[in-house]
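Chains as they are written, first to last, in our numbering: chain G, 1 to 119; chain S, 1 to 319. Beta carbons: idealized from backbone N, C-alpha and C, even for Gly. Given the structure is predicted, the values throughout are model-derived calculations rather than measurements. I have placed the structure first, in the form of structure tokens, so that the comments after it can refer back to it.
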Amino acid sequence: MILLYDSLTGNTRRFAEQLAARLGLPAAPLAAYAGGDALLLTYTFGRGEVPASTRQFLAQFAPQVRGVVASGSYHWGQNFGRAGRVIAAEWGIPLVAIINKSGSQADLERVQQWIVGQN
Amino acid sequence: MSKSATNWSEAGDGFTQAFYVQQQAQLWFSEEIPIASDAADWRALSPAERQCYTRVSAGLNAMDTLQGEVGMPLLAAGEEDHQRKATLAMFAFMENVHARSYSMANKTFLSASEERDAFEWIEAQPHLQRKITAFRRLYEEGDALTRMMASCLLETALFYSGFFYPLYLAGQGKMSHMGEVFTLICADEALHGTYVGLLFQERFAALPEDEQAEVRARFEALAREFYENECGYTDEVYAALGLASEVKKFVRYNFNICCDNLGLERLFPDEEVNPLVLNGIRTTGGTTHDFFSIKGAGGYSKIAVTPLTDAAVREAWDA
Ligand SMILES: Cc1cc2nc3c(=O)[nH]c(=O)nc-3n(C[C@H](O)[C@H](O)[C@H](O)COP(=O)(O)O)c2cc1C
Ligand SMILES: [Fe+2]
Ligand SMILES: [Fe+2]
């Protein structure tokens, strides 16, 4: 499993890198994807939207994506981390977690357990 | 001074346009929210509750005024790029909208003498004065990186001792229209903090390692100093309501978000935020997904602005 991230301001990247360090798995930006099972980590943009770069990626590679983690910030209320729910609904990809900004230790724990459970 | 014009068809740095478009989509004015409908709720609050509400609003007013008059204009002046200047200038404009909305609330809920008392209280409150004086100095005497650090700290951490109470009441269905005003302000500040944080990260990444270490240490010292100051402020403003420890938790939570925005190590351990505060944000707005009609939930009368479509936002983002 590869941890593939899309990140504008660094939060999703930091979360993916921390997860990679815990699990000894590779973490890489979308552009570096070279095939295989992936956990997609992305963020929420616009008005609760999926970033265009993530959409482009999913249009091509959605079948390889095992799960999605979406970052957001609680300030956006009902749209908090909405990208994760949109991806789950539009592409039928399991939503693993919604995290606030770069996430908490509990978020890392939860996603780690999900990944371990996949094997 | 530049003699060229702003070209919005150029992608520029690849992210500024998206922030400009987002601020435009979030544009609001205090007249659009019928805050007078909260009058019955206001009368039902105890004198101590009203005093807390009045004081946190007065403190926020003072800081938004600083941000609109000094912080954002200096950040805009420090950038070369037209799109960046325009984006920061629009942020400055919104700071003044924020400050004005506090004044409108005063006019709606307070008598003339209560309003005068609130302004006098600002001038006599030591923690608030210390914060305003220090941040004014950081803006006026600091370099661009210091200004960005200061702005981010102010807007994504130090505002939150004040934001707590209106959101906490809104989460209980009290003062909901004012809650909507605060939620709109929170969403603006979140956008500002993310953008200014990104500008900070860009400059920070270009520094050699020893200077990065120096900046990191300077941030931490500043953050710790003003966390302590915030605790003193919170003790004074919230003690009568028994909420001080809940407020400090919320402040620490937002300090960590400030660290995320700057791309620096978080300063505090993870904590859960009071669910009533989060409920306040959820129920009174923040639905940027449908930003224009949610304001209608409270009888909002829209100023003529064309809502942006998802496609327009995506286009700006693709640019
Ligand atoms: C223009 C803009 C719009 C945003 N809209 C939302 C939103 O609707 N919902 C949300 O939860 N977060 C929203 N956010 C917050 C980001 O999703 C959050 O900061 C996230 O951690 C960014 O991830 P990154 O640092 O990996 O880019 C928005 C941020 C920006 C800059
Ligand atoms: Fe503001
Ligand atoms: Fe701001």
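Given residue i as reference, the closest of the options once Cα atoms are compared
{"i": "residue 66/G", "options": "98/G, 92/G, 29/G", "result": "92/G"}
{"i": "residue 202/S", "options": "14/S, 5/S, 8/S", "result": "14/S"}
{"i": "residue 46/G", "options": "168/S, 253/S, 25/S", "result": "25/S"}
{"i": "residue 51/G", "options": "37/S, 18/S, 35/S", "result": "18/S"}
{"i": "residue 151/S", "options": "261/S, 50/S, 239/S, 248/S", "result": "261/S"}
{"i": "residue 75/G", "options": "64/G, 56/G, 44/G", "result": "44/G"}
{"i": "residue 22/S", "options": "125/S, 274/S, 94/S, 157/S", "result": "94/S"}
{"i": "residue 9/G", "options": "195/S, 236/S, 224/S", "result": "195/S"}
{"i": "residue 115/S", "options": "61/S, 80/S, 68/S, 126/S", "result": "61/S"}
{"i": "residue 229/S", "options": "134/S, 99/S, 27/S", "result": "134/S"}
{"i": "residue 60/G", "options": "98/G, 35/G, 41/G, 72/G", "result": "35/G"}
{"i": "residue 63/G", "options": "18/G, 39/G, 12/G, 49/G", "result": "39/G"}
{"i": "residue 321/S", "options": "86/S, 100/S, 257/S, 209/S", "result": "This structure gives no information on residue 321/S, because the portion of chain S shown stretches from 1 to 319."}
{"i": "residue 108/G", "options": "18/G, 5/G, 7/G", "result": "18/G"}
Residue i beta carbon near ligand 2 (any heavy atom closer than 7 Å)
{"i": "residue 67/S", "result": "yes"}
{"i": "residue 98/S", "result": "yes"}
{"i": "residue 64/S", "result": "yes"}
{"i": "residue 95/S", "result": "yes"}
{"i": "residue 132/S", "result": "no"}
{"i": "residue 185/S", "result": "yes"}
Residue i beta carbon near ligand 1 (any heavy atom closer than 7 Å)
{"i": "residue 252/S", "result": "no"}
{"i": "residue 18/S", "result": "yes"}
{"i": "residue 42/S", "result": "no"}
{"i": "residue 278/S", "result": "no"}
{"i": "residue 84/S", "result": "no"}
{"i": "residue 284/S", "result": "no"}
{"i": "residue 6/S", "result": "no"}
{"i": "residue 22/S", "result": "yes"}
{"i": "residue 11/G", "result": "yes"}
{"i": "residue 87/S", "result": "no"}
{"i": "residue 8/G", "result": "yes"}
{"i": "residue 79/G", "result": "yes"}
{"i": "residue 45/G", "result": "yes"}
{"i": "residue 194/S", "result": "yes"}
{"i": "residue 14/S", "result": "no"}
{"i": "residue 55/G", "result": "no"}
{"i": "residue 107/S", "result": "no"}
{"i": "residue 71/G", "result": "yes"}
{"i": "residue 203/S", "result": "no"}
{"i": "residue 48/G", "result": "yes"}
{"i": "residue 248/S", "result": "no"}
Bridge partner(s) assigned by DSSP for residue i
{"i": "residue 167/S", "result": "Note: residue 167/S sits in no beta bridge, so no partner."}
{"i": "residue 100/G", "result": "72/G"}
{"i": "residue 28/G", "result": "4/G"}
{"i": "residue 38/G", "result": "2/G, 65/G"}
{"i": "residue 45/G", "result": "49/G"}
{"i": "residue 95/G", "result": "68/G"}
Handout entry: ligand 3 site residues, beta-carbon cut 5 Å against heavy atoms
Key = 155/S, 189/S, 192/S
Handout entry: Segments assigned beta strand (DSSP E), at least 3 residues, entirely inside the region 71-95 of chain S
Key = none
Handout entry: Sequence ranges, alpha helix (DSSP H) only - wholly within the region 92-128 of chain S, length at least 4
Key = 112-124
Problem - Start-end ranges of the beta strand (DSSP E) lying completely within the region 132-210 of chain S, minimum 3 residues - result: none
Practice task
Jot down the residue ranges of each uninterrupted alpha helix (DSSP H) in the region 213-268 of chain S, minimum 4 residues, whole runs only, in chain order.
Solution key: 244-262
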